[in-house]
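Below: one structure, written as structure tokens.
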Amino acid sequence: MPQEKESLAVLPLSEILSPKLDLTLLEPLVEGGNVSILELMVITQLAQRADPPIAFEIGTFDGRTTLNIAANLKADGNVYTLDLPRTGLGETQFELAPGEEAFVDKKESGARFAETNYARRITQLFGDSATFDFSPYQGKAGLIFVDGSHAFDYVRQDSVSALRLAAENAVILWHDYQQDWPGVIRALNELQQSNPACRSLTRIEGTSLVMLKCEDSRRSA
0 MPQEKESLAV LPLSEILSPK LDLTLLEPLV EGGNVSILEL MVITQLAQRA
50 DPPIAFEIGT FDGRTTLNIA ANLKADGNVY TLDLPRTGLG ETQFELAPGE
100 EAFVDKKESG ARFAETNYAR RITQLFGDSA TFDFSPYQGK AGLIFVDGSH
150 AFDYVRQDSV SALRLAAENA VILWHDYQQD WPGVIRALNE LQQSNPACRS
200 LTRIEGTSLV MLKCEDSRRS A
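Residue numbering for the sequence shown follows numbering that gives the first Met the number 0, beginning at 0 and increasing consecutively.
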């Protein structure tokens, strides 16, 4: 299978991470399916900087990223996180990418935040992101993290949803822009080329994260 070209411009890491970091990093051990420690630092730095009253995550998995976003918002910040329940396997709107069933077929979503003090600031939602009703949150999220299914159709649809969720000046992040997940590369390349509001999509140096700083991009979703 031919590789997808990683055509997005690269943003220097120095433009994201401050020389002196003051971050709360929890659950540092990386399990399969988690973001790397460096990626976690980038996400939490951007969460602090954006300081949104509402953050939204598509793809909870074990809740490690959810927990760290919540821990780096102010006391009145809240995180909404959406996960496909194991009962939804075999009933999704689109096919999942090969191997993704293992990330869904788990005992519990959000296990790594469930018993923490931050759980009260996290709202766990369940559903298929391709058919979920995002309308109650539309235009309200100052930080959106997209890390659901890596299949092309899902990344494309989740990107549309993320743009609609975005408040003015929101930050949207996508995970796994890398050769292991060609559907992510293809979907984000096409988004950057086809949507004028997404021309500034950039990959963050040393990571598989892609970032978009929104002005009023949700109108072009």
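Cβ coordinates follow ideal geometry from the N, Cα and C atoms, glycine included.
None of these values were measured; they are calculated from a predicted model.
Using the C-alpha atoms, what's the distance from Phe102 back to Thr115?
Locating residue 115 in the sequence shown gives position 116, where the first residue counts as 1. Locating residue 102 in the sequence shown gives position 103, where the first residue counts as 1. Their backbone Cα atoms lie some 22 Å apart in a straight line.
Three-state secondary structure (DSSP) at Gln123?
Mapped onto the sequence shown, residue 123 falls at position 124. Three-state result, Gln123: strand.
Using DSSP's beta-bridge definition, name the partner residues of Gln7.
Taking the sequence shown and counting its residues from 1, the one referred to as residue 7 is at position 8. In the sequence as presented, Gln is not what sits at residue 7; that position holds Leu. The partner list for Leu7 (beta bridge, DSSP) is empty, contrary to what the question assumes.
By the three-class DSSP mapping on this structure, what secondary structure does Val34 have?
Here residue 34 refers to the residue found at position 35 when the sequence shown is read from its first residue. Coil.
With respect to the alpha helix (DSSP H) encompassing Phe144, which residues constitute its N-terminal and C-terminal limits?
Here the question's residue 144 lines up with position 145 in the sequence shown. Element bounds for Phe144: not the alpha helix (DSSP H) but the beta strand (DSSP E), Ala140 to Val145.
Starting from Arg63, trace the beta strand (DSSP E) both ways and give me its first and last residue.
For the purposes of this step, residue 63 is identified with residue 64 of the sequence shown, where counting begins at 1. No beta strand (DSSP E) holds Arg63; the alpha helix (DSSP H) holding it covers Arg63 to Ala70.
Just to confirm before moving on: does the CB-CB distance between Ala49 and Ile68 stay below 8 Å?
As a first step, residue 49 is located in the sequence shown; it is residue number 50 there, counting from the start. As a first step, residue 68 is located in the sequence shown; it is residue number 69 there, counting from the start. Against a cut-off of 8 Å, the Cβ pair of Ile68 and Ala49 comes out as no contact.
Output the boundary residues of the beta strand (DSSP E) element that contains Ala96.
Here residue 96 is taken as the residue at index 97 of the sequence shown, counted from 1. Careful: Ala96 lies outside any beta strand (DSSP E) and carries neither H nor E.
If I'm right that Ile36 touches Val78 with Cβ under 8 Å, what's the distance once you round it to whole angstroms?
Taking the sequence shown and counting its residues from 1, one reaches residue 36 at position 37. Taking the sequence shown and counting its residues from 1, one reaches residue 78 at position 79. Not quite, the Cβ-Cβ distance comes to about 20 Å (not below 8 Å), so this is no contact.
Could you work out which residue in Val29, Asp82 and Leu45 is closest to Leu16 when comparing CA atoms only?
By 1-based counting over the sequence shown, the position of residue 16 is 17. Selected option, being the one with the closest Cα: Leu45.
Apart from the five residues on each side of it in sequence, which residues of its chain come closer than 7 Å, Cβ to Cβ, to Val223?
Because the chain is modelled from 0 through 220, residue 223 falls outside the range shown and cannot be assessed.
So what does DSSP say about Phe151, is it helix, strand or coil?
One-based indexing of the sequence shown puts residue 151 at position 152. DSSP places Phe151 in helix when its eight states are reduced to three.
Touch test, the stretch 12 to 27 against the stretch 144 to 151, Cβ-Cβ under 8 Å, three pairs minimum:
no
Span separating the alpha-carbon of Pro51 from that of Leu142
The count along the sequence shown starts at 1 and reaches residue 51 at position 52. The count along the sequence shown starts at 1 and reaches residue 142 at position 143. Roughly 6 Å between the two C-alpha positions.
Along the beta strand (DSSP E) that carries Asn77, what are the first and last residues, could you check?
As a first step, residue 77 is located in the sequence shown; it is residue number 78 there, counting from the start. Run containing Asn77: Asn77 to Asp82, per the beta strand (DSSP E) assignment.
His174 classed as buried or exposed, judged by whether at least 16 other C-beta atoms fall within 10 angstroms
In the sequence shown, the residue the question calls residue 174 occupies position 175. Buried: at least 16 other Cβ atoms inside 10 Å.
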